[in-house]
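Participant:
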Amino acid sequence: MTRENRFFVDVRVGPFTYKALLDSGAQCCLAGPRMMRELAERIKPSMSLIGYANQQTQPSGGYLPVMLQIDREAGRIDMECTEILPVEMVLGVDFGRRWRVDISMGRNQWRSGDGPWHNFAKLNEARSMRCDIVAECAGITVCGGEREIIESKIKRLIPDVPPKLGHTDKIVHRIELVEGAKPVCHRTRRMTPKMEKIAHECLQKMKEEETFEEHVSWLERVIRILLDAKLVVNRDKCEFCCQNVQFLGYVLDSSGLRIDSERVRPQYTIYPTPRNVKQVRRLLGMVGWYSRFIKNEAEIKVPLARLLRKDTPFVWGADQEQAFATLKQSLSEAPVLVRPDFDKEFAIQTDASDYAIGAVLTQEREDGEHPVYTSAVY
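Start counting the sequence shown at 11; every next residue gets the next number (this note's numbering).
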């Protein structure tokens, strides 16, 4: 017979009162069989593993969020359930840190933070003595509540006897037509090889591309910069998570930046042939807005730029007509400017003539070379 020297406190959970063991060696709070029976409707599934002092582990019986009340203090705590707990409840280190538990062994008292001191709860010593005597004389004794747990576990592990006799696969009989021949065996496939290849390519693409969480983090940074600059953002005029955005004659999507063909193509296909210097200057201004998308743009518009010189008569000839047609064709077939990838190398293409100097910054991608920036000086 041994005397109980562990620290217990009285804990209320709703209408029920439990004897909880304060255990600084337990990393989390545990709920025993009685709590599991009385609070069964609150238990939620859990994937946790519970390790015991004998180095064994066992899956958790569930996750139990409860509101604890000790004297006049109350707080919410999360508990893991186990059917083999010898006490009703264990309050572990997580409880001690959250409630700032202070234990005085000399006083045989405890308190939470700087609160008043409380006496430890007393167990029923007579019951403890009887259990010790039975354990010493008879080995292991199963109480009524524990018997119910064992019976319920047995019902889950051993199903009812089926109406028909079953069969066993411990003994296998084979009829071999050819001695030593093995049957054809294919590994089980969850999908066809063709579908598996497509799924693998999709997963690889998802790993290489940016994630939605990364997009949200960048969006948050942009909004914070606007707010720090005290710029007002009208949420009703903003659009988020769009596949493409139309802005100032451009379309921006996952492929990159390109000309808005719905606005530009009708405008330039029916654009009339310029008849004076003012109309030529207007044309070149419109073309300059999209100059980054036109290859050799500086060289193409040289015949048109000549008409802007002073003391030069306005003569619309074959060269000007050819330049005008080439510009309209280039705008209708403008390439897509991709976003630069700073993990890859850049290439610079330069060109110069008596009238202009130009440069194009490009990068090599899987589908070929893409321009990422263009510049020209006249």
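Even glycine gets a Cβ: it sits at the ideal position worked out from N, Cα and C. Remember, predicted model here, so these are calculated numbers, not experimental data.
Enumerated in chain order, which unbroken segments of the beta strand (DSSP E) with a length of 3 residues or greater are wholly contained in the segment 25-105?
Facilitator: Correct list: 26-32, 39-41, 59-61, 67-69, 73-80, 83-91 and 99-101.
Participant: Since Pro381 sits in a beta bridge, which residues does DSSP pair it with?
Facilitator: Looking at the DSSP assignment, Pro381 forms a beta bridge with Thr372.
Participant: Between which two residues does the beta strand (DSSP E) carrying Val21 extend?
Facilitator: Looking at the DSSP string, the run of the beta strand (DSSP E) that includes Val21 is Phe18 to Val23.
Participant: Starting from Asp329, follow its DSSP beta bridges and name the residues at the other end.
Facilitator: Answer by DSSP bridge pairing: none, since Asp329 is not bridged.
Participant: For Asp263, list the residues DSSP reports as bridge partners.
Facilitator: According to DSSP, Asp263 bridges with Asn254 and Gly266.
Participant: Are any of the Cβ atoms in chain D nearer than 8 Å to that of Leu213?
Facilitator: As a matter of chain content, chain D is missing from the structure shown, which is built from one protein chain.
Participant: Please classify Gln330: is it buried, with 16 or more other beta-carbons within 10 angstroms of its beta-carbon, or exposed?
Facilitator: Per the 10 Å Cβ criterion, buried.
Participant: Thinking just about the alpha-carbon of each residue, which of Gly106, Ile367 and Asn306 is nearest to the one in Gln7?
Facilitator: The shown model of the chain, from 11 to 388, leaves out residue 7, and the question about it has no answer.
Participant: What are the boundary residues of the beta strand (DSSP E) that Arg121 is part of?
Facilitator: Unbroken beta strand (DSSP E) run through Arg121: Gln119 to Ser122.
Participant: With DSSP as the reference, please indicate the residues paired to His128 in a beta bridge.
Facilitator: Answer by DSSP bridge pairing, in chain order: Trp120.
Participant: What does DSSP give as the partner residues of Gln359 in its beta bridges?
Facilitator: DSSP lists Val370 as partners of Gln359.
Participant: Could you have a look at Val111 and say whether DSSP puts it in helix, strand or coil?
Facilitator: In this structure, Val111 counts as strand in the three-state DSSP scheme.
Participant: To the nearest angstrom, how far is the alpha carbon of Ser70 from that of Cys91?
Facilitator: So the alpha carbons of these two residues sit roughly 6 Å apart.
Participant: Would the beta-carbon of Val19 fall within 8 Å of that of Phe130?
Facilitator: Yes, the pair counts as a contact, with Cβ atoms nearer than the cut-off.
Participant: Is the beta carbon of Val23 less than 8 Å from the beta carbon of Leu49?
Facilitator: In this structure, Leu49 lies closer than 8 Å to Val23 by Cβ.
Participant: Given a cut-off of 8 Å, decide if Ser34 and Gly106 are closer than it, judged by their beta-carbon atoms.
Facilitator: For Gly106 and Ser34, yes; Cβs fall inside 8 Å.
Participant: Using 8 Å as the Cβ pair cut-off and three pairs as the minimum, do the segment 109-118 and the segment 54-68 touch?
Facilitator: With a cut-off of 8 Å, the segment 54-68 and the segment 109-118 do not count as touching, because too few Cβ pairs lie within range.
Participant: With DSSP collapsed to three states, give me the class of Asp364.
Facilitator: Asp364 falls in the coil class under three-state DSSP.
Participant: Please identify the residue among Glu83, Val76, Leu95 and Gln65 whose C-alpha is closest to the C-alpha of Arg44.
Facilitator: It is Leu95 whose Cα lies nearest to the Cα of Arg44.
Participant: What separation, rounded to the nearest whole angstrom, lies between the Cα atoms of Ala36 and Gln68?
Facilitator: In a straight line, the C-alpha of Ala36 is about 15 Å away from that of Gln68.
Participant: Indicate the three-state DSSP secondary structure (helix, strand or coil) for Trp204 in the structure shown.
Facilitator: The residue you asked about is not Trp; residue 204 is Lys in the sequence shown. If DSSP states are grouped into helix, strand and coil, Lys204 belongs with the helices.
Participant: Please classify Asp353: does DSSP put it in a helix, a strand, or coil?
Facilitator: Correct three-state label for Asp353: coil.
Participant: In terms of residue numbering, what span does the alpha helix (DSSP H) encompassing Arg302 cover?
Facilitator: Note, Arg302: premise wrong, no alpha helix (DSSP H); not H, not E.
Participant: So, at 6 Å on beta carbons, what are the nonlocal neighbours of Thr336 in its own chain, with the 5 sequence-adjacent residues on each side left out?
Facilitator: If we look at Thr336 and ignore the five residues flanking it on each side, its Cβ neighbours are Ile310.
Participant: I'd like to know whether the C-beta atoms of Val97 and Leu31 end up nearer to each other than 8 Å.
Facilitator: Contact flag set, yes.
Participant: Excluding sequence positions up to five away, which residues of its chain have a Cβ less than 6 Å from the Cβ of Gln359?
Facilitator: Only Val370 meet the Cβ criterion.
Participant: Can you tell me which of Asn118, Glu83, Arg117 and Leu133 puts its alpha carbon nearest to the alpha carbon of Gly125?
Facilitator: Ranking the options by Cα distance to Gly125, first place goes to Glu83.
Participant: Figure out for me which residue from Trp127, Lys288, Phe356 and Arg319 has the closest Cα to the Cα of Asp81.
Facilitator: That would be Trp127, whose Cα lies nearest to the Cα of Asp81.
Participant: So Asp1 and Gln373 are supposed to be a Cβ contact under 8 Å. How far apart are they, rounded?
Facilitator: Lying outside 11 to 388, the shown extent of the chain, residue 1 is not represented and no answer is given.
Participant: Can you have a look at Trp299 and say buried or exposed, based on whether 16 or more other CB atoms are within 10 angstroms of its CB?
Facilitator: The residue is exposed, with fewer than 16 neighbouring Cβ atoms inside 10 Å.
Participant: Output the boundary residues of the alpha helix (DSSP H) element that contains Trp316.
Facilitator: It should be noted that the sequence gives Arg, not Trp, for residue 316. That run of the alpha helix (DSSP H) goes Val312 to Arg316.
Participant: Of all the options Ala191, Trp120 and Arg375, which has the alpha carbon lying nearest to the alpha carbon of Glu355?
Facilitator: For the residues Ala191, Trp120 and Arg375, the minimum Cα distance to Glu355 belongs to Arg375.
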